[in-house]
Amino acid sequence: MWCRCIAAAAALAMLPVALLASPSALAEDGYDVWLRYRPLDQAHSAAAAVPALAAPASTPAQGAARDELLRGLGGLLGTRPALIEKVDRDGALVLGTPASSPLVAGLELDLAGLGEEGYLIRSVRIGGHAATVIAANQDIGVLYGAFHFLRLAQTGQSLSSLDLRESPKVKIRVLNHWDNLDRHVERGYAGESIWDWHRLPDWLDPRYTDYARANASIGINGTVLNNVNTSAQALTPMYLDKTRALAGVFRPYGIKVYLSARFSAPIEIGGLKTADPLDPAVRRWWKAKADEIYALIPDFGGFLVKANSEGQPGPQDYGRSHADGANMLAEAVAPHGGIVMWRAFVYSHEEPDDRAKQAYTEFVPYDGTFADNVLVQVKNGAIDFQPREPFHPLFGAMPKTPLMMEFQITKEYLGFATHLAYLAPMYEEALRADTHARGPGSTVAKVVDGTLEGHALTGMAGVANIGVDRNWSGSHFDQANWYAYGRLAWDPDAGSREIAQDWVRMTFSTDPAFVAPVVDMMMGSREAVVDYMTPLGLHHLMGRGHHYGPGPWVAGGPRADWTSVYYHRADRNGIGFDRSAGGSDAVAQYAAPVARQFGDLATVPEEFLLWFHHVPWDHRMASGRTLWDELVLRYGRGVDYVKSMRRTWDGLAGQVDAERHRQVAVFLAIQEKEAQWWRDASIAYFQTFSKRPLPKGEAPPPHTLEYYESLQFPFAPGDGK
Ligand code: GCW
């Protein structure tokens, strides 16, 4: 051992000094996410030259914007801009609010309509010199503008003749961490939680600041620190003090902290006998708890609650409604300006009805009864973050209640962190879906951004994919999902392809010969997962508990709606869940035109076929093939797409650093293996019902069904516990 160390030290000493010192020679491990600020090529850096910066820094938020520009421009251009107070040369960048910067005030810009978080970036002249101004009404708008300016530089766009105005379309843009206090992350595939609770509040890991920078760069303005399946401990004084410390790090970046609240906390940590929301002592307890939190964290965001869902306590334990529960908490935080995000992800143990119908059934009757500071948080689809789901029927069905969108960024059902699946097309598909609630064009995006019903309180949540892995998300490409979520929360009408282009340029390379194939590869990647896991509207067919790998045979156990057979209903006649009028009639929860389209075998889009219908194996598909043949081909198509991603990526070796290239390449190999496994196991299983041969040229599964069924993964990551 000793000898080997000496040898290694000697070898290191022989490395050229320049190599050790040069940042570009350092391996890229993904820690810098899309804020890498590596030197631009000569042409771009000449075009983007910013010789001087006039930026106030008398508050932490102002300092954050100035520091980011110094760091970013210094990295991109090779020299840090000079800090100036007066514009005495061409090319200066001037930032601030009219209150923080006399230069900005002197420009008399039209900042009306930008709101608290919006900004403008404009090419102007100051004292005869050409300059660029980033101006806003509040410091946070300036920070967002600074990040936007850096993005333009990073992605190689022109920085002259700028005239941009931006403000977010959605008010609350939060990450939901499903992080437990013991640092286990439920459905987390990037290592343990980044919140080092044990060493908080004293040790403030620099990572917390980088987390805030990354989030602010995409407009995320809130974070729920703890799992929705939470312990009441998170609300004890000891943990609140730790939360206060984190809030202090995030504040300059415009990020508020929120906590998941356990509904039974008054019993567990308050010594009360009940958590009945109509009990005066319980109400007093929550008010006092809110007062205690706001005394520590004056800008605390509020509570997120999972109640009466999957065994969590809630108001129904006392015969009360979701509205009773939400309104009690809302009353406690209202005097402080806080909000309550009350989840609609509910399905009851006793309820024999189709699980897809239960949230609607439970929530719609309470429309109009929630307090003004309550948002009901609804998953994009009615089951559970499947690779593809039709939009949740609650969107459009509760006009008097602000509904916030909940997307899952962590890939619980899309191959964990090893599969390359760019999720923005899935988010976009949900946001663009037309609810027809107020006639054609009533998209989910308009429900979420409040324009359909005129709600000012609006929100979007993304279940985070962040952990202590060096690259934060467990894989390089999973950073794109965090990034895209933030961009879509800011602007639900943004396009997933444009977002991918920005991300690839910032994360890897601006070379068009690299960007184009990688963006193409990303754009089709989620559809590939749909194909090799759950084509044609199939859903919820994964391994039990950990959700790793195929498990279409999963049956029995504590509840029917935790099995696969409940969802696919394959038998000798056909396959699929009949949710038409003749079946569970879940289609009736949609507005009439949507219900008609989904409810009719002749008009239902093929991607939702088996979601809404039980279909004979020999049913003719649009392709002219039988359903069985089509199903088999779709599985294979998914595997083929992964093979093509591997070819594309292998062909790009040398165009990105070797370290990241290699990890992506190996992960794609894992993905191919697992895609093949999904295809083979699913076909082996469904063929026992279809009893039909595989279409010509399709290889039979290499193993028996018993083999696939026998595979066990007791230590798969991310399980709930
Ligand atoms: O997707 C399911 C997950 C659970 C999760 C639950 C929820 C936090 O399998 O792990 O619990 O949804 O959204 O509450």
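Numbering-wise, the sequence shown is residues -27 to -1, 1 to 694 according to mature numbering (1 follows the signal peptide of the UniProt record, and there is no 0).
For every residue, glycine included, the Cβ atom is placed at its ideal position computed from N, Cα and C.
Query, Result
"Span of the alpha helix (DSSP H) around L583", "L582 to F585"
"Straight-line Cα distance separating A394 from G440", "18 angstroms"
"Limits of the alpha helix (DSSP H) - the one that T661 falls within", "A631 to S663"
"R235 beta carbon less than 8 angstroms from that of A205", "yes"
"Segment contact flag, the region 440 to 459 with the region 364 to 384, C-beta cutoff 8 angstroms, min 3 pairs", "yes"
"Extent of the continuous alpha helix (DSSP H) run through Y117", "D112 to Q127"
"Proximal residues to Y4 (C-beta, below 7 angstroms), its chain only, five neighbours per side dropped", "R443 and N444"
"Option in V230, D504 and S233 with minimal Cα separation from G609", "D504"
"Contact between the region 199 to 214 and the region 177 to 188 (3+ Cβ pairs under 8 angstroms)", "no"
"Pick from S448, M314, Y339 and H513 that is closest to G274, judged by C-alpha positions", "M314"
"CB contact flag (L367, A406, <8 angstroms)", "no"
"The region 276 to 286 / the region 185 to 205 touching (three or more Cβ pairs under 8 angstroms)", "yes"
"Close beta carbons around F364, own chain, < 8 angstroms, minus the five adjacent residues each side", "N353, G354, A403, A406, T408 and V417"
"Distance cut-off 7 angstroms: N200 Cβ against heavy atoms of the ligand GCW", "yes"
"CA-to-CA distance, R62 to G101, given in whole angstroms", "9 angstroms"
"Minimum C-alpha distance to P54 - residue among V143, E139, D214 and A25", "A25"
"Cβ-based burial, A(-18) [other Cβ within 10 Å; buried from 16]", "With a pLDDT of only 41 at A(-18), under 50, the local geometry of the prediction cannot be trusted, and the value read off the model is given with reservation. Label assigned to A(-18): exposed."
"Assigned secondary structure, Q350 (DSSP; H/G/I helix, E/B strand, else coil)", "strand"
"Residue burial classification, L132 (beta-carbon count within 10 angstroms, cutoff 16)", "buried"
"Cβ pair T70, A108 closer than 8 angstroms", "yes"
"S282: CB within 7 angstroms of a non-hydrogen atom of the ligand GCW", "yes"
"R160 Cβ short of 7 angstroms to the ligand GCW heavy atom set", "yes"
"Residue interval of the alpha helix (DSSP H) (run including V491)", "P485 to M506"
"Cβ shell of R256 (< 6 angstroms), same chain only, five flanking positions each side left out", "M301"
"Beta strand (DSSP E) runs contained entirely in the region 378 to 444, provided each spans 3 or more residues", "432 to 436"
"K694 Cβ short of 7 angstroms to the ligand GCW heavy atom set", "no"
"Three-state secondary structure (DSSP) of D475", "helix"
"Beta-bridge pairing of N149 - partner residues as DSSP gives them", "V197 and V436"
"DSSP-derived helix/strand/coil call for M594", "coil"
"Nearest to A486 (by Cα), restricted to the options H520, G624 and P525", "G624"
"Coil, strand or helix - P675 by DSSP", "coil"
"Simplified DSSP state of R98, which is helix, strand or coil", "strand"
"Proximity winner among A543, R517 and R545, relative to R532 (alpha-carbon distances)", "R517"
"K246: first and last residue of the uninterrupted alpha helix (DSSP H) it sits in", "That residue, K246, is in no alpha helix (DSSP H); it is neither H nor E in DSSP."
"Three-state class that DSSP yields for K142 in the structure shown", "coil"
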